[in-house]
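Residues in the sequence shown are numbered from 9 upward in steps of one, following the working numbering.
Beta carbons: idealized from backbone N, C-alpha and C, even for Gly.
What follows is a short report on a single structure.
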Amino acid sequence: MKTKHTLTLFTALLFSPLAALHAKDDVAKAPTTGDVRDMRVVRTADQEPRASLLGQPTIALWKEKHLVVAYQKGIAGKTDMGSIDAIVSSNDGDSWSIPSTIFDHEQRHGALQFGYCNAVLYKPPGQEVLWCFAMRCPLNYADSEDSHLAAAYSGDGGRSWNPVELAMHYTGPLVILGEIQRIIENGQPVYLLPAHRNTKRADPLGQREHFVLRSTSLLDWHLGGYVPQPEPGKVFLHEGQLAVVNEQQHLKMVMRTSVGQKEGDLLDGGALNPPRAWSSTSTDGGRSWSIAQEEPDLFNSVSEAWFGQARTGAQLYLYNDGPAFSRMALRYKRKAATGEWSDERTFFDAGIHNSYPTLIETAPGEFRGVWDSGDEKRHRRSIRFGKLTLKP
Numbered sequence: 009m010k011t012k013h014t015l016t017l018f019t020a021l022l023f024s025p026l027a028a029l030h031a032k033d034d035v036a037k038a039p040t041t042g043d044v045r046d047m048r049v050v051r052t053a054d055q056e057p058r059a060s061l062l063g064q065p066t067i068a069l070w071k072e073k074h075l076v077v078a079y080q081k082g083i084a085g086k087t088d089m090g091s092i093d094a095i096v097s098s099n100d101g102d103s104w105s106i107p108s109t110i111f112d113h114e115q116r117h118g119a120l121q122f123g124y125c126n127a128v129l130y131k132p133p134g135q136e137v138l139w140c141f142a143m144r145c146p147l148n149y150a151d152s153e154d155s156h157l158a159a160a161y162s163g164d165g166g167r168s169w170n171p172v173e174l175a176m177h178y179t180g181p182l183v184i185l186g187e188i189q190r191i192i193e194n195g196q197p198v199y200l201l202p203a204h205r206n207t208k209r210a211d212p213l214g215q216r217e218h219f220v221l222r223s224t225s226l227l228d229w230h231l232g233g234y235v236p237q238p239e240p241g242k243v244f245l246h247e248g249q250l251a252v253v254n255e256q257q258h259l260k261m262v263m264r265t266s267v268g269q270k271e272g273d274l275l276d277g278g279a280l281n282p283p284r285a286w287s288s289t290s291t292d293g294g295r296s297w298s299i300a301q302e303e304p305d306l307f308n309s310v311s312e313a314w315f316g317q318a319r320t321g322a323q324l325y326l327y328n329d330g331p332a333f334s335r336m337a338l339r340y341k342r343k344a345a346t347g348e349w350s351d352e353r354t355f356f357d358a359g360i361h362n363s364y365p366t367l368i369e370t371a372p373g374e375f376r377g378v379w380d381s382g383d384e385k386r387h388r389r390s391i392r393f394g395k396l397t398l399k400p
């Protein structure tokens, strides 16, 4: 009996998600610095043997201490498409559930199968429903740059999901990644979703333009406005992050940048010189945007960064430092409601690859964040969670 009990206990520990997470936590092997606390590895590639990567996580708050994280499981041989899963924590991130499927690339829609990428979670204020938006494209595509918008919703806090077919009045390809923002117009909520096109990868006469979609229901989406540039096409503006910056509901969008595509060059350009994020603003609910300009204090070297505004009015920018495509340490800056950007601080640095951070504010000055991590050589091998407190 003792042998049987010992074997049962050993088996339970061996296959326990918590044991697997601790066993594969690369941070335990390297010195860690940064202001993030209560860090957890919530899912690893070793727990998903059929996934080529785990990446691009997003996070939402369902109710107090109830967090939902969605992330991509990549397909081998594809650049950036796969399935989208969700995991749930009911204790503010201390432990996490087994995954549920939001979008499954193996599911057939008639004769079609789709690959999915870049989940965006959003819970409308006052509603008991959680939305997940993502990109969807035919599975035979090489990458997800020519995708269309897909959606699903959950009524039980992210534990199960129901797909929804959207009424799209914008019908072109798109890439999404930034969070949805909500404003009020004529007493009615309007939802704003940043997006861009990158059709030049498959078509030398394609376009690379940044824009915003608008919706009053989250079901039907219309084109808002495009972001103009001083010299069209010189800078590739993409993966913008949107924030409502004042009581007049003015909008500011900070965008990832790279060198614009040169004639005959079908590959992505490198970092700008100097490597900086660019921004644009709107005072009419995203229908029109100011000419984009460089943010001289905000570093960006061809990597997704998170930009948002705290309830205190302070702005926050979380980003990768280092050269283009290295994506190692995560740093951040903050800007008071009236003031300049602060000096750089470390969010998380363990000598390993880290990218695609996303934050939400759960209480004034209290943030919960997720990002994907690798090791010293590889990207996107796990999904990490942590907490950040911004003191006044």
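Going along the chain, which residues of its own chain have a beta-carbon closer than 7 Å to the beta-carbon of residue i, five neighbours each way excluded?
i: residue 352; result: 339 and 341
i: residue 170; result: 160 and 161
i: residue 397; result: 373 and 374
i: residue 120; result: 146
i: residue 354; result: 41, 42, 43, 337 and 339
i: residue 369; result: 318, 319 and 375
i: residue 238; result: 299
Over what stretch of residues does the beta strand (DSSP E) that includes residue i continue unbroken?
i: residue 314; result: 314-317
i: residue 333; result: Looking at the DSSP string, residue 333 is not in any beta strand (DSSP E), and its letter there is neither H nor E.
i: residue 92; result: 90-97
i: residue 135; result: First-last for residue 135: undefined, no H or E at that position.
i: residue 81; result: 74-82
i: residue 121; result: 120-130
i: residue 390; result: 390-397
i: residue 67; result: 62-71
i: residue 369; result: 362-371
i: residue 295; result: Where residue 295 is concerned, there is no enclosing beta strand (DSSP E), given that its DSSP letter is neither H nor E.
i: residue 109; result: 108-111
i: residue 155; result: Here residue 155 belongs to no beta strand (DSSP E), and DSSP marks it neither H nor E.
i: residue 305; result: 301-307
i: residue 260; result: 259-267
i: residue 354; result: 353-356
i: residue 104; result: No beta strand (DSSP E) holds residue 104; DSSP gives it neither H nor E.
i: residue 289; result: 284-290
i: residue 350; result: From DSSP, residue 350 is part of no beta strand (DSSP E); its letter is neither H nor E.
Hey, residue i and residue j: beta-carbon distance below 7 Å or not?
i: residue 251; j: residue 301; result: no
i: residue 382; j: residue 367; result: no
i: residue 55; j: residue 364; result: no
i: residue 243; j: residue 294; result: no
i: residue 388; j: residue 61; result: yes
i: residue 76; j: residue 356; result: no
i: residue 59; j: residue 82; result: yes
i: residue 96; j: residue 105; result: yes
i: residue 108; j: residue 167; result: yes
i: residue 224; j: residue 198; result: yes
i: residue 92; j: residue 122; result: no
i: residue 186; j: residue 232; result: no
i: residue 90; j: residue 113; result: yes
Where does residue i fall in DSSP's three states?
i: residue 53; result: helix
i: residue 209; result: helix
i: residue 39; result: coil
i: residue 325; result: strand
i: residue 174; result: coil
i: residue 44; result: coil
i: residue 247; result: strand
i: residue 32; result: Low per-residue confidence applies at residue 32: pLDDT is 44, beneath 50, and the placement is therefore not dependable, though the value from the model is reported in the following sentence. Coil, per DSSP.
i: residue 197; result: strand
i: residue 188; result: coil
i: residue 169; result: coil
i: residue 386; result: coil
i: residue 374; result: strand
i: residue 146; result: strand
i: residue 182; result: strand
i: residue 400; result: coil
i: residue 164; result: coil
i: residue 58; result: coil
i: residue 381; result: strand
i: residue 252; result: strand
i: residue 86; result: coil
i: residue 279; result: coil
Excluding the 5 residues preceding and the 5 following residue i in the sequence, name in chain order all residues of the same chain whose CB lies nearer than 6 Å to its CB.
i: residue 177; result: 230
i: residue 343; result: 323 and 349
i: residue 131; result: 68 and 138
For the ligand PLP, is there any heavy atom lying closer than 6 Å to the beta carbon of residue i?
i: residue 370; result: Summarising the ligand content, the structure contains no ligands, and the ligand PLP is consequently not present.
Excluding the 5 residues preceding and the 5 following residue i in the sequence, name in chain order all residues of the same chain whose CB lies nearer than 8 Å to its CB.
i: residue 400; result: 320 and 373
i: residue 256; result: 291
i: residue 362; result: 328, 335, 336, 337, 338, 356, 379, 380, 381, 382 and 392
i: residue 313; result: 249, 262, 264, 285, 306, 325, 326, 327, 328 and 365
query: For the segment 217-242, which segments carrying the alpha helix (DSSP H) assignment without a break, of at least 4 residues, lie completely within its bounds, in sequence order?
result: none
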